[in-house]
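The structure appears below as structure tokens.
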Amino acid sequence: MIWNLIYRSLRQHALSTLVTAGSIALAVGLLLTVWVVKTQSQATFANTNSGFDAVLGARGSKLQLVLNAIFHLEASPGNLSAQDVEAVRRHPAIKTAIPLAVGDNYYGWRIVGTTPQYFDVEYAPGRKYAVQAGGRLFETGRREAVVGALAARKLGLKVGDTFQPYHGLSFDAAAKHEEVYTITGLLAPTGTPVDRVLWIPLAGVQTMAGHDPRTASDVSTVLIQLRAPSAGVMLDMMINKQGNKMTFAYPIGSIVADLFTKISWVDKVLTLVAWLVAVVAAGSVLVSIYNSMSARQRDIAILRALGRGAARCSARWWARPRRSACSARGSASRRSRRSRSAWRR
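Heads up: the sequence shown begins at -8 in our numbering, then just goes up one per residue.
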């Protein structure tokens, strides 16, 4: 019975009910969205390192190096000479050193030059890069390419297709290179930034027409695997604090965490907006209650006149007492008729 009364009352005030419910849902949704986006983005960025421990690059920002080499989002702060790269690669504390060269794109999708050894590294524990059936990795010294899964799907590329790179990290139709590359394979999806890149041999980027021939042996960054975690502290001291030519970005997770510290104000603003919406929603609920009480003042007065307590009236009101008040008035009318009948006797 009570639920039926509530349902009828909600139907009677359908507009205000929908507005109030929508405001509450929006506030809760915003709060949950801010929390989920914050936690998931932090976890994704912090856990993504493509299987490497550190990034070596030209003197500059560690965060810029990591974003450029791991996430393929930033421009390189400069180049490293072949001599510097070789000296670091031969250091006994370094297990693997994979060079990268950037500076070109294909319709806005980044082209990165590297060596085939890059794809032998586990990008996650127990997981290695794999080429989809019917394809293979590029061969060093040839104009061949391997395309990440997402880039291939968005660009509509398949094995056997050809493309011409464009100079720069952003698309410019007037900056097309002369070289033509043939796609020899498509990488299986990994859920990492690698999926968004077109990969070609390292020399392809270094010697591409239009690039400075004086930097033909330079690389943009070097991805490094260490033999032991303690080696990272030693190399940080040697390269960052004692040297002045290169930057050693280590550890990658801590550097990415600094990014979220710098943009934490965005989370605070979004959270504040969500709380403001929640306050507005609560205000609309209170206004709705006040209007409902005002509309039922006469019904409540009748109930109080019949001897009902304030608590009982409130309980009746929360159950949407329009029908209850009518029943009370009907009961009062029946009592009045019985009184008149007794008086006549």
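Ideal Cβ positions, reconstructed from N, Cα and C, are used throughout, including at glycine.
| Query | Result |
| --- | --- |
| Looking only at its chain, what residues have a beta carbon closer than 6 angstroms to the beta carbon of S275, apart from the 5 residues adjacent to it on each side? | T11 and S14 |
| What would DSSP say about L9, mapped onto helix, strand or coil? | helix |
| May I ask you to report which of helix, strand or coil DSSP gives Y157? | strand |
| Using the Cα positions of S285 and A273, report the straight-line distance between them to the nearest angstrom. | 18 angstroms |
| For N70, is the classification buried or exposed, using 16 other Cβ atoms within 10 angstroms of its Cβ as the cut-off for buried? | buried |
| Return the Cβ separation of Q31 and G104 in integer angstroms, given the expectation that the two are a contact with Cβ distance under 8 angstroms. | With a Cβ gap of about 32 angstroms, Q31 and G104 do not count as contacting. |
| To which residues of the same chain is V19 closer than 7 angstroms at the C-beta, ignoring the five residues directly before and after it? | none |
| Determine whether the beta carbon atoms of V138 and I174 lie at a separation below 8 angstroms. | yes |
| Rounded to the nearest angstrom, what separates Y98 and A142 at their Cα positions? | 10 angstroms |
| Which ranges would you report for the beta strand (DSSP E) in the region 198 to 253 if only whole runs of at least 3 residues count? | 212 to 217 and 237 to 240 |
| Can you give me the Cβ contacts of S161 inside the same chain, cut-off strictly under 8 angstroms, excluding the 5 residues immediately before and after it? | N96 and G99 |
| Can you tell me the Cα-Cα spacing of D258 and L250, whole angstroms? | 13 angstroms |
| Does the region 78 to 95 come close enough to the region 206 to 218 that 3 or more CB-CB pairs lie under 8 angstroms? | yes |
| So what does DSSP say about Y281, is it helix, strand or coil? | helix |
| Whose CA, out of G94, R81 and G223, lies closest to the CA of L189? | G94 |
| What are the residues that DSSP puts in a beta bridge with I61? | DSSP output for I61 lists no bridge partner at all. |
| With distances taken Cα to Cα, identify the nearest neighbour of N40 among V27, A200 and L56. | L56 |
| At the level of alpha carbons, what is the spacing between L148 and L217? | 36 angstroms |
| Helix, strand or coil for G151 per DSSP? | coil |
| Do you know offhand how far E130's Cα is from L193's? | 10 angstroms |
| Can you tell me whether M199 is buried or exposed, with buried defined as 16 or more other CB within 10 angstroms of its CB? | buried |
| Report, in whole angstroms, the separation of the C-beta atoms of D186 and A140, which I expect to be a contact under 8 angstroms. | 5 angstroms |
| To which residues of the same chain is S7 closer than 7 angstroms at the C-beta, ignoring the five residues directly before and after it? | S279 |
| DSSP state of V87, grouped into three classes? | Contrary to the premise, residue 87 reads as Thr rather than Val in this sequence. Note: T87 maps to strand in three-state DSSP. |
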